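Notes to accompany the following structure.
Residue numbers (my numbering): 4 to 328.
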């Protein structure tokens, strides 16, 4: 079978074209992953979806097709899924890695996964992971062992689903991002009960929340984060979208600090120095604890955002002590 029927659905013209259903999207991605579809058809499908605007059903269907190849990863015992797929030179240092570390310190196993393009060394997630000595896993067994040892692990996307990553990289060929950027954020390879996601464009907050509901996700928080990552600006009100017990919610997260500053202005302080205490930066600390608070709230570790923030600040103060049992 070819992709032609699915391309035809999307591209028949203004009065006859429509989005793919969730099942049609799952079928189309399954065909693509078999590896024998014409590249022209794959490009046409992805760009027609972009032109029309991806639907929640299309994102959910594509995600289901990829998840079918990840049954071994679904055995990894994670509590929180934390994707990192932001691209662009405007990103600053990935403070959110320290936020994830705080969540792990609170006793919640965190799986970070990602792939980041066009980033300068300061913003490189992969380099920061190594600098912070966070464990990196290439297999489900290695990820499980890392969680048992440190409650946190980073999995590069090429070790999750290499064929899907090649589809995401078509951005370099087509000149535009495709829905794979969103699909990877929704992937949740370990089927963790809670997920956090950052987006660059606000319109994607509802899209990813709606797709999560179609996929049966219980807890999900989506924010317009720094450079597209799940990382909050501590001096602004942040709109928090997502799911609680599988049902949509929207809630504001109020400013934590009164400082007029762009998120990564003066971003010269090393993450290792922030963590060790060798460097002090109140704005960065507020961003780190504020992001951790949103994740802890998503996990249900606190009943409201104010108590989640208090918990995150306590964890930051106690970060050099042995991690919580």
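Just so you know, even glycine gets a beta-carbon here, dropped at the ideal spot from N, CA and C.
A quick note: this is a predicted structure, and the numbers were derived from the prediction, not measured.
- Of the candidates 80, 4, 57 and 41, the residue whose Cα lies closest to the Cα of residue 13 is 57.
- The shortest CA-to-CA distance from residue 195 to any of 20, 320 and 80 is the one to 80.
- Counting only unbroken stretches of 4 or more residues, the alpha helix (DSSP H) elements lying wholly within the region 31-93 are 42-55 and 59-70, in sequence order.
- Unbroken beta strand (DSSP E) stretches of 3 residues or longer found wholly inside the region 233-314: 241-247 and 250-256, given in chain order.
- Around the beta carbon of residue 65, 16 or more other beta carbons sit within 10 angstroms, so the residue counts as buried.
- For residue 117, the beta-bridge partners assigned by DSSP are 87 and 159.
- Only residues of its own chain outside the window of five on either side were considered, and among them 46, 49 and 50 have a CB closer than 8 Å to the CB of residue 177, listed in chain order.
- Between residue 197 and residue 83, the C-beta spacing is below 8 Å.
- In the three-state reduction of the DSSP assignment, residue 198 falls in the strand class.
- In summary, residue 232 is buried, with 16 or more beta-carbon neighbours lying within 10 Å of its beta-carbon over all protein chains present.
- Of all alpha-carbon atoms in 306, 275 and 299, the one lying nearest the alpha-carbon of residue 105 is that of 299.
- The region 270-279 and the region 129-148 touch, with no fewer than 3 CB-CB distances between them shorter than 8 Å.
- Sixteen is the threshold: since fewer than 16 other Cβ atoms of the shown chains lie within 10 Å of the Cβ of residue 17, the residue is exposed.
- Residue 223 is bridged by DSSP to 198 and 246.
- In the assembly as shown, residue 26 is an exposed residue. Its beta-carbon has fewer than 16 other beta-carbons within 10 Å.
- Minimum Cα-Cα distance from residue 90 among the listed residues 212, 229, 19 and 210 corresponds to 229.
- Look at the beta carbons and you see the region 99-116 touching the region 138-154: at least three pairs across the two are nearer than 8 Å.
- Under the three-pair Cβ rule at 8 Å, the region 205-222 does not count as touching the region 116-135.
- Burial of residue 70 is indicated by the presence of at least 16 other C-beta atoms within 10 angstroms of its C-beta.
- Listed as beta-bridge partners of residue 139 by DSSP are 157.
- Here residue 87 is buried: its Cβ has 16 or more other Cβ atoms, across all protein chains shown, within 10 Å.
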